[in-house]
Ligand SMILES: *Cc1c(COP(=O)(O)O)cnc(C)c1O
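Numbering (the working numbering), first residue to last: 26 to 406.
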């Protein structure tokens, strides 16, 4: 059997940048806790996305949790959150004993629908935070969302876990709201094996997040704690991987875009395929190449056909309002997120793929269309 092709797997730099920074940490015996790599990773990251400060954390989920804490979200507070996302977006709302209200997507962006958002504000004017997601590296419509949010007294948090390297009208995703969060989990566009970043132009709040993330230790010689603490900080070794990976981010985006364009070109001859929406003002990072199907071939047909060839693909995230754990919470909107879920597929988007790999994948998928065509001919005879 041919070598497995992954959806999106870790891809270290050819130049060996990551090892250089890790080695530095080892040579100075500074593998933990904090140190130069953590500080530099934060500075380099903040400069890359264009924001004042950044706190390196153990996970993107931890970053969302601390952003909610920084926004003073507590028991019974309402947080708007898109339904079409990964559960890690919504879970920290529950960690804070707050109440998520799920918002539908629109077809233009696949992200939070501004019309549904307006409706949610009418229903829940007391909402405290709007948590926006840039799914699959596609920017949400931030002009319209920020306009709606700025009219109200709400904090905006952007879950940019999947959108590092993606820009909306020339500005980096994750830098429009009060807080942005990023993830370096193993399948993300760059990875540290696991980790996250919280960014903000509010330096004070980022300092506070670093304090919470290191067990909320007061500045005292003895161990003194005036607040609840968390063990959420990134280690100096992990930050070294991040510094190296950050250097190849543009290379990764370029390859992800190449993969998307490849599929788009090859599938343009097939009926019933619509590639994920890329708007004129978007520069997505194309983290995953996704598409929806509206013909005879169904998402599961593609996923199964690829699976037998040792190739990984996935359905679209299942909306939160359809999840057993979250069904009790309110949902504002229509059927957009449900339809994208029902008809969507995430295609293999690994940056280590060759053209040969891509042609193999495309060939398998085109084969399904041929099968359908034969079936049709047979049935009319
Ligand atoms: C990956 C991901 C997260 C969580 O990041 P971790 O680093 O895995 O904790 C949050 N939100 C979205 C949309 C993600 O894809």
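The beta-carbon is built from N, C-alpha and C at its ideal position, and this holds for glycine as well.
None of the values given here were measured: they were computed from a predicted structure.
- Taking one beta carbon from each stretch, the segment 328 to 344 and the segment 279 to 291 have fewer than 3 pairs nearer than 8 Å; the two do not touch.
- Secondary structure at residue 317: strand, using DSSP grouped into helix, strand and coil.
- In the pairwise beta carbon analysis, the segment 79 to 92 is classified as touching the segment 105 to 114: at least three pairs are separated by under 8 Å.
- The alpha-carbon of residue 343 is positioned some 49 Å away from that of residue 246.
- Nearest C-alpha to residue 204 among 231, 121, 132, 248: 231.
- Not one heavy atom of ligand 1 falls within 8 Å of the beta-carbon of residue 75.
- In chain order, the residues with a C-beta atom nearer than 7 Å to some heavy atom of ligand 1 are 84, 85, 86, 87, 89, 110, 111, 113, 114, 158, 160, 184, 186, 187, 208, 209, 210, 213, 219, 220, 221.
- With contacts defined by Cβ atoms closer than 9 Å, residue 358 and residue 108 form a contacting pair.
- For the 9 Å CB-CB criterion, residue 103 and residue 126 form a contact.
- The DSSP-derived three-state label of residue 81 is strand.
- With respect to the C-alpha of residue 249, the residue from 256, 240, 327, 41 having the closest C-alpha is 240.
- In terms of Cα proximity to residue 220, the closest of 197, 199, 186 is 186.
- Ranked by how close their Cα comes to the Cα of residue 149, the residues 132, 169, 106, 121 have 106 in first place.
- Of the residues assessed, residue 177 falls on the exposed side of the cut-off, its CB having fewer than 16 other CB atoms within 10 angstroms.
- With 16 or more other Cβ atoms inside 10 Å of its own Cβ, residue 280 counts as buried.
- Under the three-state reduction of DSSP output, residue 174 falls in the helix class.
- Residue 340 is bridged by DSSP to 370.
- For residue 394 against residue 318, the beta-carbon gap comes to about 11 Å, at or over 8 Å, which does not count as contact.
- Counted as a single uninterrupted DSSP element, the beta strand (DSSP E) harbouring residue 300 occupies residues 298 to 300.
- By the Cβ rule, the segment 259 to 274 does not count as touching the segment 125 to 144, because fewer than three pairs are nearer than 8 Å.
- Per the DSSP secondary-structure output, residue 205 pairs in a beta bridge with 183, 224.
- Taken through DSSP and simplified to helix, strand or coil, residue 286 comes out as helix.
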